[in-house]
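Quick note, the sequences are listed as chains R and F, same order. Each residue of the first sequence is one higher than the one before, counting from 253 in the working numbering. Each residue of the second sequence is one higher than the one before, counting from 253 in the working numbering. For each residue, glycine too, the CB sits at the ideal point set by N, CA and C. Read through the structure below, which is laid out as structure tokens, and then see the notes.
Protein chains: 2
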Amino acid sequence: MKMEDWELIIIGAGAAGLAAAIYGARSGLETLVLEERMAGGTTSDAPMVENYPGFSKIGGIELAEKLTLHCRETGAAIHELEAVKGLNLKGKKKIVETNKTTYRAKAVIIASGSHYRKLDVAGEKELRGRGVSYCGICDGPLFKNKKVMVVGGGNSSVTTTLYLSGIASKVTVVHRRSAFRAEEALVKEATSKENVEVLWNTEVKEIKGDKLLSHAVLYDKISKETREFPVEAIFVQVGEDPNSKLPRESGVEVNKEGYIKIDIFQQTNIPGVYAAGDVTNHPVKQIGTAVGQGITAALEAYCYIRRPYYRK
Amino acid sequence: MKMEDWELIIIGAGAAGLAAAIYGARSGLETLVLEERMAGGTTSDAPMVENYPGFSKIGGIELAEKLTLHCRETGAAIHELEAVKGLNLKGKKKIVETNKTTYRAKAVIIASGSHYRKLDVAGEKELRGRGVSYCGICDGPLFKNKKVMVVGGGNSSVTTTLYLSGIASKVTVVHRRSAFRAEEALVKEATSKENVEVLWNTEVKEIKGDKLLSHAVLYDKISKETREFPVEAIFVQVGEDPNSKLPRESGVEVNKEGYIKIDIFQQTNIPGVYAAGDVTNHPVKQIGTAVGQGITAALEAYCYIRRPYYRK
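Next comes the structure, spelled out in structure tokens:
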């Protein structure tokens, strides 16, 4: 196994990790970003982004590409399709093992983001990729003029609904509560679409289909009734869980939901280890806040590594 | 005097205030931004911005315009050339008085930024606008093919030096320390310019001129020598001080340098009063971090005002 030395290693090439790398490289640190998929993170999954300040309206993939290009131009290295398999963060030299190489770094920024939460109902796993999806922009175009369902009540649910309303013949939003937890601008636009309906106080109890998805079993929490609802795709948008297992096992403190605890400097409980973006316990999970946190983490890591005169 | 009611009032239309307004308005809050100058903040003063993630290289004025346009498109109101003259923040209704109107708001975000620090030497005040400047992009073009001086050692000093090196015949950087506190990428580029020289460990003791600036009096801290240095413009880039006087007088807690104390939610010590950007004690002062803080402040203000089900 090769052994490589870097000054700063960033785990995850989403908005937080790419912003951190821009600042790490521009500060003169030898900076490496490790990403198990392709660079871009969950920004790439957004059909349209209207709230990253400076871009009134931009496709998620296009914004992710701009962030990635900006990062590459600063000289930071991005290794895609390279998954982190092991971490040893407690020593002065931080060890990061991937499927390809073992790295040593002076500081590490964890920007590993989060993954889609599942409904955990019968049929969900079996029909994933056969009607069950977690990403509207990835799979929405497969269901042109079909009846689709979106499950959830947050920004990602409403954004996905808006996107699908331009593709599908009918979008049924199923939400277990009686109000959305989403930006009013998005809610107004989505609910004004003629082909969008919302089933409030409703839960998906089971997903059915023979080879391909055909029905959702819905439970109405008010009437207490259960019914089968015919639909060809279900987009599950019920939130995320943090990708914090390896850091946690290496001694990084997390809260009870598994989010990495950070302070105002983006420091974790381990010296030289920082966290930024969706993996942290910061109360807001937006592209703009991930970027701000990534910048702070990188500049703090710079101070930790180089100990400049103004931070003795 | 008119009295107007708004849900959210943001003081300052720089990067932090504009980002806050984008999120305030998109969340459905009646949002007003008050700005004593024109919208854009200190972003407009940057000759070139290479570190706001998503834009590899963009003029400060152009970026400020994009942020302002984005903000206007969300429906937030921006009142330019309207200076805040009085604050009463302690009650449930926050009172904001300007030179034109008295406003009441349910929540206030202070994003009033900072102002240029002075050298506090003889001649500085008298020759301001006659050779002494605090903004390279504003006044640099007046000194085409002239000898100019930049005082300071941070990012703004080095960025201004780079900008002026393309205009002036010679740029002399005067810094009281022996190293810059700036991004290495900027330092490398600036110090590689043939017409840039750096005088380390040197202080400006006086600025001289009859009607127009003609000399700087320089003190070399190593050799202990003082000399007169002929120059036609001096760009002072020695940092900023926070614009926190009115909030402080209204009970908002500040640290010993006058920066508003915030927590991870951008809350101040007064319920319903938030702060974001350069006016806060956050350790990093960058466009990207100001944006992240503005977003957080707006979403927290939204929760404070509307008390949605997920934040009871």
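- The bridge partners DSSP lists for Val469 (chain R) are R:Glu458, R:Glu480.
- DSSP places Val360 (chain R) in the strand class (E or B) of the three-state scheme.
- Closer than 9 Å at the C-beta level to chain R, one finds these residues of the region 507 to 519 of chain F: Ile514, Asp515, Ile516, Phe517.
- Under DSSP, Ala485 (chain F) forms a beta bridge with F:Val400.
- Among the CB atoms of chain R, none fall inside 7 Å of the CB of Lys445 (chain F).
- Around the Cβ of Cys323 (chain F), a 10 Å sphere holds 16 or more other Cβ atoms; the residue is buried.
- Listed in chain order, the non-local C-beta contacts of Leu551 (chain F) below 8 Å within the same chain comprise Tyr275, Ser279, local neighbours out to five positions each way being set aside.
- Remark: three or more beta-carbon pairs, one from each stretch, lie closer than 8 Å, so the region 296 to 308 of chain R and the region 383 to 390 of chain R are flagged as touching.
- Contact between the region 357 to 374 of chain F and the region 471 to 478 of chain F is absent: fewer than 3 CB-CB pairs across the two stretches fall below 8 Å.
- Rounded to whole angstroms, the Cβ separation of Val490 (chain R) and His467 (chain R) is 19 Å, and the two are not in contact under 8 Å.
- Beta-bridge partners of Gly406 (chain R) (DSSP): R:Arg433.
- When rounded, the separation of the alpha-carbon atoms in Leu319 (chain F) and Arg479 (chain F) is 45 Å.
- Residue burial annotation: Leu394 (chain R) is exposed, with fewer than 16 other C-beta atoms found within 10 angstroms of its C-beta.
- CA-CA distance, Ile547 (chain R) to Gly544 (chain F), rounds to 10 Å.
- In this structure, Ala268 (chain R) sits away from Ala335 (chain R), with a CB-CB distance that is not shorter than 7 Å.
- Using a 10 angstroms sphere on the CB of Leu464 (chain F), the tally of other CB atoms stays under 16, which defines it as exposed.
- Residue pairing for Thr353 (chain F): DSSP places it in a beta bridge opposite F:Lys254.
- Contact with chain R is absent for Pro494 (chain F), since none of that chain's Cβ atoms lies less than 7 Å from the residue's Cβ.
- Interface criterion not met: the Cβ of Lys358 (chain F) is under 7 Å from no Cβ in chain R.
- Annotation for Ala549 (chain R): Ala272, Ile361, Gln518, Tyr526, Ala528 place their beta carbon closer than 6 Å to its own, counting only its chain and skipping 5 residues before and after.
- Using a Cβ distance threshold of 7 Å, Gly405 (chain F) and Arg433 (chain F) count as a contacting pair.
- Within its own chain, the residues whose Cβ lies closer than 6 Å to the Cβ of Lys445 (chain R), once the five positions on either side in sequence are excluded, are Ser417, listed in chain order.
- Straight-line spacing of the CA atoms in Met401 (chain R) and Tyr415 (chain R) works out to 12 Å.
- Cβ-Cβ distances below 6 Å link Glu349 (chain R) to Lys337, Gly338 in the same chain, with the five nearest sequence neighbours on each side left out; the list follows chain order.
- In chain order, Pro305, Gly306, Phe307, Ser308 make up the part of chain R whose C-beta sits under 9 Å from the C-beta of Lys318 (chain F).
- The region 417 to 426 of chain F makes contact with the region 445 to 464 of chain F; the number of CB pairs closer than 8 Å reaches 3 or more.
- By the neighbour-count criterion, in which 16 or more other beta carbons inside 10 Å mark a residue as buried, Asn303 (chain F) falls on the buried side.
- In this structure Val410 (chain F) touches Val439 (chain F) by the C-beta definition: roughly 6 Å separates them, less than 8 Å.
- Beta-bridge pairing by DSSP links Ala527 (chain R) to R:Ile362.
- For Arg278 (chain R), a Cβ of chain F is located within less than 7 Å of the residue's own Cβ.
- For Ala271 (chain R), the nearest CB of chain F lies under 7 Å from its own CB, placing it at the interface with that chain.
- Close partners of Leu321 (chain F) in chain R (Cβ separation under 8 Å): Ser308.
- Taking each of R:Tyr511, R:Ala357, R:Glu477 in turn and checking the Cα distance to Val456 (chain R), the smallest one comes out for R:Glu477.
- Boundaries of the alpha helix (DSSP H) around Lys318 (chain F): 312 to 325.
- Within the region 534 to 547 of chain F, the residues whose Cβ lies closer than 7 Å to any Cβ of chain R are, in chain order, His534, Pro535, Val536, Gln538, Gly540, Thr541, Val543, Gly544, Gln545, Ile547.
- Shortest Cα-Cα distance from Ile516 (chain R) to any of F:Lys537, F:Gly292, F:Pro305, F:Thr412 involves F:Lys537.
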